[in-house]
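Chains as they are written, first to last, in our numbering: chain A, 2 to 152; chain B, 115 to 399; chain C, 18 to 176; chain D, 30 to 852.
Beta carbons are placed, not taken as given, at the ideal position from N, Cα and C, and that holds for glycine.
Here's what the structure looks like:
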C-alpha cells in the first residue's frame, strides 16, 4: 500500500532536516513507542505497541537509513516483526525551501504480511492513513519545538 | 481460534467495572464480544484483562431522558433494540438498521455500545448515529461527560472512550414530526457487510448525511448538506452530491477499489437523502 | 471488588444437567462444550464467527458459542443439539430435516437446527423469507439452503 | 415452498427399467444420527494422552528459511515436542511427482525445506497438551526468513524471472499440445473467425464447512499408523504417503466416519498427515490436528486458476461452429501435488456440449507463489466448459445470433448418442436441446422481453443466461499417460462387500468415502432390491476403514463415480450373495435353484410363499449350523466384488481414448437484474435441469444439483481467492471470502429427464459435481443484461459488483478483447 503527500512545515529546511535525521526525535514522532535503541547512525530499533483500540499490536521494528542527500532527501527502511504480522515499510522524503517555510514531499510504501495483513485489509488502510496523520501532526509539533529551541 | 492467556473479571456494578478498567493497564471492557472475541481469536489484539459488563443490568435499559432523548444503555443488544417498542416510537430507523446487522445470533449477543466502541469502518451504527446527531455518555472515576457523535469516533477501533473510562449510554434525539431517516448502501451479499453506505436524516428542512466505509471514522458530507438547502427534489439532491466522491480517500480492497467506493458513496448519499426526504414527507421513518 | 483471574469456577446447566468446572478464562464456550463436556454435536466451521455451526441456545437465545468465553456462561442455561431430542424422539423439526433432505454431510446441521428451533419458538409459522433471515448466520456448503428452508417452513406448517 | 420442482410435463421418465427401491426418494439412513448431533467427525475422536498439533506457518509468499529456533517453544510447560523441515527431510522422501520434466524434478516435502513458496506454508509443527498451548508454543518458534521476489501471476511465472523450485529450474510443471481434427483448415474455411484475446477463470474452492484434520496413532510394536481423518481418497493418499514414510501401504490404516463435506478439497492432505505420522512416532503418543478455516483458505486446496489466451473460433454463416483453438495457462500454485492431472482431466469434455470436430488446445501449467491447488468440484472440466460456454455467448453476441438457437444448432443431438468426441471419449446418452427447452420453460423464457422492459423502468438491466454443462463421471486413470507415458496408472476400480450374518443382518462395507452423498442409503436401496428386503434391513457401515472395509487402489469418493463404480461394486457383491443364498435355499428345500426367490427378507418357493426360510435361517445355517451341507458346497455369505469399469487403453500418440464413461447433463438458465448505478447483480429467476440417467434416489440427486448450483453462484458473484502482489491472500476467512448464505440464494427451480446410461451398471450416471453450470449461466446472463449498456464482454468467471460496475463504466475495455474477421 502506497501513501504519499506533501506537508508544509513552518520552519527553515535545516531545522526540519535535523529533526528528521535525529533518531531520538524521530522516536518521539512514532505512535506507541515503548523503547528505542540506536545501534549506529544508520541503524536503530524501536519496540512499539501500535495502538489499535482493542489492544495494541506489539512489534519490534528495525530501521535502516538507506540513502541521504542532506539537506533535501532521505530514505529509510523499517522492518517490523510481531506475532501475526510482519511490517515492511520504505519511506522517503524530499525537502524543498518555500520561503521561510519548508515543503516536504513524502511517500511510504507499507506492506503488512501475515495473518493480520490478510485479515485486516478493510481496516489497515484507514489505520495507516490515520497513523500517518498522527506522525505528520507530531512532526509539526516537534519541528516547532526545535525551531523554538534553536531561535 | 485459540485465545492468548487473558485475565477475566465480572463486576457487579458500573463503579466496580470502572475501577477495574482504571486499575489494570491493558484492560478492555467486554460487551457482547462479537468483534472483540474474534479479534482475540486471531491474536491480532490481546487485551491483558477483560472486564465483562454482562452482569450490569443498569446498562441494559432502554428509556427516555427528561429532555426526551431516547437512551440506550451500552449493553442493549441489537436484538433487544430491534424488538423495542420505545425505539419503534422514538427512532425506528435504529431498529431498521439493527435488523440488518450480521445475523440473528450476533444480534442476540452484540450490543450497541460494543458496535460503536469497536468502530470498525464497516459497522452500521457509527455512521447512523452521526447522522442522527446522537450523544455518548462516558463515565470514569472522575465523573461523567457527554460527547457528541461528531467527536466520538476517532479511528478504527478507537473512540473518545479513554483508558479507565466506560461508555454507559447512547442518547438519540427522538424523531420530530415531518422528519425522516434512511440508510442506503451496497453490501457483500444480501444483508451482508457494507462496502459503502450513507445515512441521511432530514428534519426541519435540513439534512445530516454521514458516510460509512470510506475512512477510519464516519464522514459527514457537509458540503452536500449545505448545498441542499431544503430542496430535496431528485435533481437537487443529485446536483448536491456531485463531486462528493472526489473529496474522499477511501480504502481499496478485494471488494471495491477506492474509485468504486467513491462512486458508491455518492450514489448511496443520493439514495439515502431521497428516501429520508420521502419519509419526512410521508410522516414515517 | 472481583479481581481479574486467568481461570474461574463455572456453573452451567446444559441440556438440563448442571456442570461445575474450573475453566481457563480464555477458553471459548464451544471448546468447553466439545472438549470439556464431550458434547461434540456442536461444531466448528470457521474461526471468525461467520458459519454458525457452533450455534447453541443461551437462556433460550441462539448464539454462536465460538464468540463467547466459557466463563461468560457462568450461571446460564444452555441447550445444544444433543438436548433437542432428549428422550430419543426426534422433534418435528429434526424429522422435517430428514423428510426434506435438508442435510447432506450433516456438519452444519446442528447449528441450523438450533437457529431454526429458536425461530420456531418465537414465530411458530414463519414464512420463507423469515426463515432465510433467521438462518443467515448459518452457512451450509452442501444444500444451497433449498431443502433446509423447505424443512423449516414445513415444520412450522405442521405445528 | 422454495423448490418449484418442474411441472410434471417437464419431468420425463425415460426409463423402462424396473424400479423397486432404486428410483425412489428413500429417506436417508444417515440422517437420524446427524440431526441429533450424534455423527462422529474426526475432531470428535479422543484418545488418552493425545497431543494437539499446531503448525507454524510462513507469513511470506516466497522466502528462504535462514533459521528455525524451537527452543523457547520446547521450554513451555505442556509442550510435548516439535518438528521442522530439516527433520522431515531426513526421515522422509519427497512425495512422488506425476509430471514429466521439468515438473518431475520438483521436491515436495511435508514441511518447507530450505524455502517457503506460499503464504501459510507449514514450516514447523508443535505438539502440546492442549489446543491453546500448542498455539502458544507455535507463536514462540522463531523463524528467520530472507524474503525473495514473488510471482503470483501465471503469465509472469512463465517468464521464469522468479523461479519457485530451483530443482526444476522453471516454473513450468507441464506443457503439451492437444490437436484433434484440423483446426487450421476449419479456420481457413470459416465464414467468420471470432477472436478472443483473453479469458480468465478465477481461483476459488468449495470450502467444505468441516476443515481438514486427523488424529494419528502409532503402534511401535508393528510400525502401523492409524489415521482417523477426513481424507476423501485414502487409496491414493496412501500411495503418496507410504513411500514418503518409507513404509508399506498396509502400515497406513485410514479410518473415516462422518465427513463434513469435501468436494475434492480433501484429497491432498498427505503433507500434513505425514507430519502427524512423524510426530506420533517421535513423541510416542496420539497426535491430533484440526485445520482452521484460515489455514484451509491459505494453504490447503484451491481450485485451478486458468487463463485462456488467443482463442480463435471458426463459424459458418449459418451459425455452425466448426472448431476452436486456444492457449490454456493453468496456475497450480506453489506445488503440483495432484497435478498435472488437471492438464488432461478437462479433455473428458473437450467439445463441451457441442458437435465441433476441430479443436487445438496448447496447454501449459505453471507454479506461482500461491496456495497449492487440489481437485475442486467440477475439477478441471468446469474451467474448460466455462470456456466453451463463453465462446458460444461471445460468438452469438458478436454475430448477432440468438444464444438459444446457436446452442441448439451446435449441440450434440440426441439421435447422435452415443457420440464419440474428437478425442475419442464417448458421450453415452443425453438430450441437451430438450433439457434446454425445459430450463427455458421453467424461467418463462417467452416473457423475457416484457420483463426486460419492466426492469428498465426500475433502473435495472435484465438479462437471460444459459449454462450448458456436462458432469463427466468415472475417471480413467489411463489419461495420466497422456501427460506422462511412463506412469503406471490406468483404468479404475472400486470395491464393496456384502454379507449375511448369523442373525440375518445384511451388512455392507464400501470402499468409498462418503461426505454427505448418502452412500449408506443408496447402497442399501440397491442391495435391498437385489436380495429382496427393505433398505432398513441393510446395514451399510459408516465411513471407510482401509483394514475392515474392502478397498481397491483407486478407492475414494471423487470424480462423480459412485453411481458407477461404488454402486457397481455393491451390485456385484449383492448379486454374488443373492446367488449363494438361492443356492443354499434350494439345497435346504431340495428344489432346483430356479424354483427359489428372495423376497420379504426370506428365501421362498416361487410357487408356495408359505415355504420360506427367513434371512436369519440362512445366516444361521452357514455361520452356525452347517454340518448337513453337502461337502462340495462351501458358502461364505460374505462377498467382495470389485467393479472395474472397462475403458480400453488410451492412444498416447493421438492423445485419444475413453477418459471417462458417463456424461450427465446439466442445463441451467437464469435471469439476472443489474443495478445500472451500482453494478449490483441480483439473480431473480433460476432453473437447473438435470439428466443423470437413472436416478437411484431422486431427492439425493436433486440435493446435489442444489448444492453444485450454490457453489457456482457463490463462485461467480462472491467467492475468490485474491492475492496482492506480495502473495498475501486477501480472502483468508469467511468475512472476505463470502460464501452464499440463505438470503443470497435465489429460489431454485429444478427439472429432470432420465436418459439411462447404456454403459453403467445401473443405468445411473455419476453426478454431483455439476460442471459449474451456474458460473456459465450467470456469466451469460450478465453479458446479456449489459448488452444495451455498451455491450461489455464478460471475460472473467468472477463478477462481483465492482467488476460489473467497471464493465458498465467502460465496456470498450472489454470489447477490445474481441475481434471478428469475416469473409
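- DSSP places residue 93/D inside the beta strand (DSSP E), whose first and last residues are 92-98.
- Boundaries of the beta strand (DSSP E) harbouring residue 209/D: 201-209, taken from the DSSP string.
- Among the residues facing chain B, residue 70/C is not included, as its CB has no counterpart in that chain under 8 Å away.
- Within chain C, not a single residue places a beta-carbon under 7 Å from that of residue 167/B; the smallest gap is close to 10 Å.
- At a beta-carbon threshold of 7 Å, the residues of chain D lying near residue 114/A are 88, 89, 755 and 757, ordered along the chain.
- Interface with chain D (8 Å Cβ-Cβ cutoff): residue 87/A is included.
- Annotation for residue 319/D: 72 and 242 place their beta carbon closer than 6 Å to its own, counting only its chain and skipping 5 residues before and after.
- When DSSP reads this structure, residue 6/A sits in a beta bridge with 107/A.
- Bounds of any beta strand (DSSP E) do not take in residue 32/C, whose DSSP letter is neither H nor E.
- The C-alpha of residue 627/D is placed about 31 Å away from the C-alpha of residue 796/D.
- Its Cα nearest to that of residue 232/D, the residue 828/D stands out among 840/D, 828/D, 842/D and 850/D.
- A buried status is given to residue 579/D, since no fewer than 16 other beta-carbon atoms sit within 10 Å of its beta-carbon.
- For residue 126/B, the closest alpha carbon among the candidates 293/B, 171/B and 333/B is that of 171/B.
- Ranked by Cα distance from residue 5/A, the first of 149/A, 44/A, 109/A and 18/A is 109/A.
- Taking 8 Å as the threshold, the shortest C-beta distance from residue 131/B to chain A does not fall below it.
- Between residue 129/A and residue 2/A, the beta carbon gap of about 6 Å places them in contact (Cβ cut-off 8 Å).
- Contacts between residue 143/C and chain B, judged by CB atoms closer than 9 Å, are missing: the closest CB pair is about 12 Å apart.
- Excluding the 5 residues flanking it on each side, residue 652/D has same chain C-beta neighbours closer than 6 Å at 531, in chain order.
- Going by beta carbons, residue 377/D and residue 498/D fall outside the 8 Å limit.
- Interface criterion not met: the Cβ of residue 313/B is under 8 Å from no Cβ in chain D.
- Beta-bridge annotation (DSSP): residue 490/D is paired with 703/D.
- Taking 8 Å as the threshold, the shortest C-beta distance from residue 20/C to chain B falls below it.
- The straight-line gap separating the alpha-carbon atoms of residue 204/B and residue 249/B is approximately 15 Å.
- As a beta-bridge residue in DSSP terms, residue 568/D pairs with 536/D.
- With a threshold of 8 Å between beta carbons, residue 157/B makes no contact with chain C.
- Boundaries of the beta strand (DSSP E) around residue 80/D: 80-86.
- Neighbours of residue 269/B across chain A, judged by C-beta separation under 8 Å: 54, 127, 128 and 131.
- Distances from the alpha-carbon of residue 66/A to those of 27/A, 126/A and 102/A put 27/A closest.
- Contact annotation: in the region 22-45 of chain A, no residue has its CB less than 9 Å from a CB in chain B.
- Among the bridge pairs identified by DSSP, residue 689/D is matched with 504/D.
- What residue 153/D touches in chain B, judged by beta-carbon distance under 7 Å, is nothing: the nearest beta carbon there is about 17 Å away.
- The residues 4, in chain order, have a CB closer than 6 Å to that of residue 133/A in the same chain once the five nearest residues on each side in sequence are set aside.
- Taking a C-beta cut-off of 8 Å against chain D, the contacting residues of the region 300-333 of chain B are 300, 302, 303, 304, 305, 306, 307 and 309, listed in chain order.
- Looking at 639/D, 685/D, 304/D and 807/D, the one whose alpha-carbon comes closest to that of residue 702/D is 807/D.
- The contact set of residue 241/B on chain A, defined by CB atoms closer than 9 Å, is empty, because the minimum CB distance reaches about 14 Å.
- When 780/D, 126/D and 674/D are compared, the shortest CA-CA separation from residue 464/D is found for 780/D.
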